[in-house]
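Residue numbers in the sequence shown follow numbering that gives the first Met the number 0, run continuously in steps of one, and reach 425 at the last position. These notes are about the structure you will find just below.
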Amino acid sequence: MDVISVIRTKRDRGRLSDEQIDWVIDAYTRGVVADEQMSALAMAVLLNGMDRAEIARWTAAMINSGERMDFSRLARPTADKHSTGGVGDKITLPLAPVVAACGAAVPQLSGRGLGHTGGTLDKLESIPGWRASLSNEEMFGVLDDVGAVICAAGDGLAPADKKLYALRDVTGTVESIPLIASSIMSKKIAEGTGALVLDVKVGSGAFMKSLDDARELATTMVGLGTDHGVRTVALLTDMSVPLGLTAGNALEVRESLEVLAGGGPPDVVELTVALAREMLDAAGLRDADPAKALADGSAMDVWRRMVIAQGGDPEAELPVAREKHVLVAPESGTLTALDAYAVGVAAWRLGAGRARKEDAVQAGAGVELHAKPGDAVVAGQPLLTLHTDTPEKFGYAEEALTGAFTVTEGASSAFAGTPIVLDRIS
Ligand code: URA
């Protein structure tokens, strides 16, 4: 087997054989295939696609590149959620404790920010003392004791994806349905969850911009999960507008705490409860009531125990950015558009995300929204507050927001209440 013939097969729109796929994934993981060769192959896959059988084999090869976890010793059924990535998507933070409070075990292996989208681990690391890296034994212990754990995947889990994911991020090869589906599902299947709910984001702030592409991605992932014995359901959810009123690490933790305290923005609450119901249903816990777990404080109790178990102090003050800059409504009327991608890029530029893999993120940086589409606004009122420790970035962030919001004269209810859940695939 040689890598150049594998690249040429896909470059010339051919099908990769099972042997070619098994070999190239293994050889790349072992460092025999070089990054530049794998990036040529990833680009050929992005441009020419893979059929269902190729995607299934590619996913299996990535699972087989590392270890598989086994939660069958746990007394509770396991359920996990994975989002394809969005702006202001802090849902994992309230969701994991809610689902645990309702009786399931939630082994939530999460990632860091990718491009303009935020990462759950970066958000949680704004809590003083909180640790993302746990050994498999520690992870199992927290899960067994608390019912929920949110941590980084260990090095042994789908190492092929770890390398390929970092490579795709810097070679313009993220937005490929076969590569996204195999990346997500190899990790989730190797993790060993019994049930999985996928939150497939659609819109400007998502990697899938159209409903058709999101549906194809969701169908592919549900098929892969089901074939591997994982009960898998996908919700297609709106990402044309940021979720909630914040995008940025500590800002999003603060907003998640509001949700866990029984308040918080309605779209964050609605999506948390919808995903929790799906997870509990897939785990066979149909009588549980996630809305009640938010209202009665039981989800907040799990949150506190989960943070403490990972070294964090749930009572500690969260970091606040040193500088703020307010953008105001240019005229009175109704806010009719607020682009998720632009807000994500602005938060990233303010320091909430990384320009290079090794960069540190700023805990306090990000964007706070004071209105959402459908809201009435008055000329001069604050629309967005930008937060950063590096005020020289304000201009750069403002540039990203040029044309990102529209205020239309007069009252208009047409823009309020866009449904958050657009479709369900099982
Ligand atoms: N999340 C992943 O884990 N992988 C991708 O390719 C995209 C989003």
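We put the CB at the ideal spot given by N, CA and C, even for glycine.
Touching or not, the segment 82-100 and the segment 282-297, by the rule of three or more beta carbon pairs under 8 Å? Touching, per the Cβ criterion.
Return the Cβ separation of Ala-152 and Ile-24 in integer angstroms, given the expectation that the two are a contact with Cβ distance under 8 Å. With a contact defined as Cβ atoms closer than 8 Å, Ala-152 and Ile-24 miss out at about 17 Å.
Please indicate yes or no: does the CB of Thr-83 lie closer than 7 Å to some heavy atom of the ligand URA? Yes - the ligand URA has a heavy atom lying nearer than 7 Å to the Cβ of Thr-83.
beta-carbon Val-377 near the ligand URA non-hydrogen atom, thresh 7 Å: Exclusion of Val-377 from the 7 Å shell around the ligand URA follows from its C-beta lying no nearer than that to any non-hydrogen atom of the ligand.
Can you list, in chain order, the residues of its chain whose CB lies under 8 Å from that of Asn-47, leaving out five sequence neighbours each side? So the list reads Lys-9, Arg-10, Arg-12, once near-sequence residues are dropped.
Kindly examine the ligand URA and report whether one of its heavy atoms sits closer than 7 Å to the Cβ of Ile-179. Relative to the ligand URA, the beta carbon of Ile-179 is positioned inside 7 Å of a heavy atom.
What number of angstroms, rounded off, separates the C-alpha of Leu-123 from the C-alpha of Leu-156? Approximately 21 Å, taken between the alpha carbons.
Output the distance between the C-alpha atoms of Leu-259 and Val-344, rounded to the nearest integer angstrom. Cα to Cα, the separation comes out at about 27 Å.
Cβ neighbour criterion (16 or more within 10 Å) applied to Gly-193: By the 10 Å Cβ count, Gly-193 comes out buried.
Ser-109 Cβ short of 7 Å to the ligand URA heavy atom set: Distances between the C-beta of Ser-109 and the heavy atoms of the ligand URA are all 7 Å or more.
Among Leu-284, Ser-125, Thr-245, nearest to Asp-312 - alpha-carbon criterion: Of the residues Leu-284, Ser-125, Thr-245, the one whose Cα lies closest to the Cα of Asp-312 is Ser-125.
Given 7 Å as the limit, tell me if Ile-183 has its C-beta closer than that to any heavy atom belonging to the ligand URA. Checking the Cβ of Ile-183 against the ligand URA gives yes.
By DSSP, does Gln-107 sit in helix, in strand, or in coil? Strand.
Could you check if Ala-354 is buried or exposed, using at least 16 other CB atoms within 10 Å of its CB as the buried criterion? With fewer than 16 other Cβ atoms inside 10 Å of its own Cβ, Ala-354 counts as exposed.
Proximity of Met-22 and Met-0 at Cβ, strictly below 8 Å: It should be pointed out that residue 22 corresponds to Trp in this sequence rather than to Met. In this structure, Trp-22 places its C-beta atom within 8 Å of the C-beta atom of Met-0.
On the CB-based measure, 16 or more other CB atoms within 10 Å of its CB, does Ile-3 come out buried or exposed? A residue is called buried when at least 16 other Cβ atoms come within 10 angstroms of its Cβ; Ile-3 does not meet this threshold and is exposed.
Which stretch, first to last residue, makes up the beta strand (DSSP E) that contains Asp-422? According to the DSSP assignment, Asp-422 belongs to the beta strand (DSSP E) that extends over 420-424.
Report buried or exposed for Asn-248, applying the criterion of at least 16 other Cβ atoms within 10 angstroms of its Cβ. Classification of Asn-248: buried, given that the 10 Å Cβ count is 16 or more.
Do Ala-78 and Leu-270 have their C-beta atoms within less than 8 Å of each other? Annotated as distal: Ala-78 and Leu-270, with beta-carbon spacing of 8 Å or more.
Is the beta carbon of Glu-66 less than 8 Å from the beta carbon of Leu-15? Result no, Cβ atoms of Glu-66 and Leu-15 do not sit closer than 8 Å.
When every heavy atom of the ligand URA is checked, does at least one fall within less than 7 Å of the C-beta of Tyr-340? Between the ligand URA and Tyr-340, a heavy atom-to-CB distance of less than 7 Å is absent.
Express the C-alpha separation of Glu-251 and Gly-326 in angstroms, rounding to a whole number. The displayed chain sequence assigns Leu, not Gly, to residue 326. If you take the alpha carbons of Leu-326 and Glu-251, they lie about 20 Å apart.
If you pair each beta-carbon of the segment 293-307 with each one of the segment 360-372, do three or more pairs fall below 8 Å? Touching, no.
Work out the CA separation of Phe-404 and Ser-411 for me, nearest whole Å. Distance between the alpha carbons of Ser-411 and Phe-404: 15 Å.
Using the C-alpha atoms, what's the distance from Val-98 back to Ala-275? Distance between the alpha carbons of Ala-275 and Val-98: 6 Å.
Going by the beta-carbon positions, is the gap between Gly-332 and Val-376 smaller than 8 Å? Taking 8 Å as the Cβ cut-off, Gly-332 and Val-376 qualify as a contacting pair.
Please classify Gln-19 as buried or exposed, where buried requires at least 16 neighbouring CB atoms within 10 angstroms. Gln-19 is buried by the Cβ-count criterion.
Evaluate Glu-190 with the Cβ neighbour count: other Cβ atoms within 10 Å of its Cβ, from every protein chain shown; 16 or more gives buried, anything less gives exposed. If you draw a 10 Å sphere on the C-beta of Glu-190, you find 16 or more other C-beta atoms in it, and that means buried.
Please find out if some non-hydrogen atom of the ligand URA comes closer than 7 Å to the beta-carbon of Tyr-27. Incorrect: Tyr-27 has no Cβ contact closer than 7 Å to the ligand URA.
Three-state secondary structure (DSSP) of Ile-183: Correct three-state label for Ile-183: helix.
Would you mind reading off the limits of the alpha helix (DSSP H) that contains Ile-24? The continuous alpha helix (DSSP H) containing Ile-24 extends over residues 17-28.
Start-to-end residues for the beta strand (DSSP E) that takes in Lys-392: Unbroken run through Lys-392: none, as it is neither H nor E.
Give the DSSP bridge partners of Ser-38, in chain order. For Ser-38, which the question treats as bridged, DSSP gives no partner whatsoever.
At a threshold of 7 Å, does Val-229 count as lining the ligand URA (C-beta to nearest heavy atom)? Distance from the C-beta of Val-229 to the nearest heavy atom of the ligand URA is not below 7 Å.
Gly-171 burial status per 10 Å Cβ neighbour count (16 or more: buried): Exposed.
Sequence-distant residues of its chain with Cβ nearer than 6 Å to Thr-231 (five each side left out): Leu-195, Val-221, Gly-224, Thr-225.
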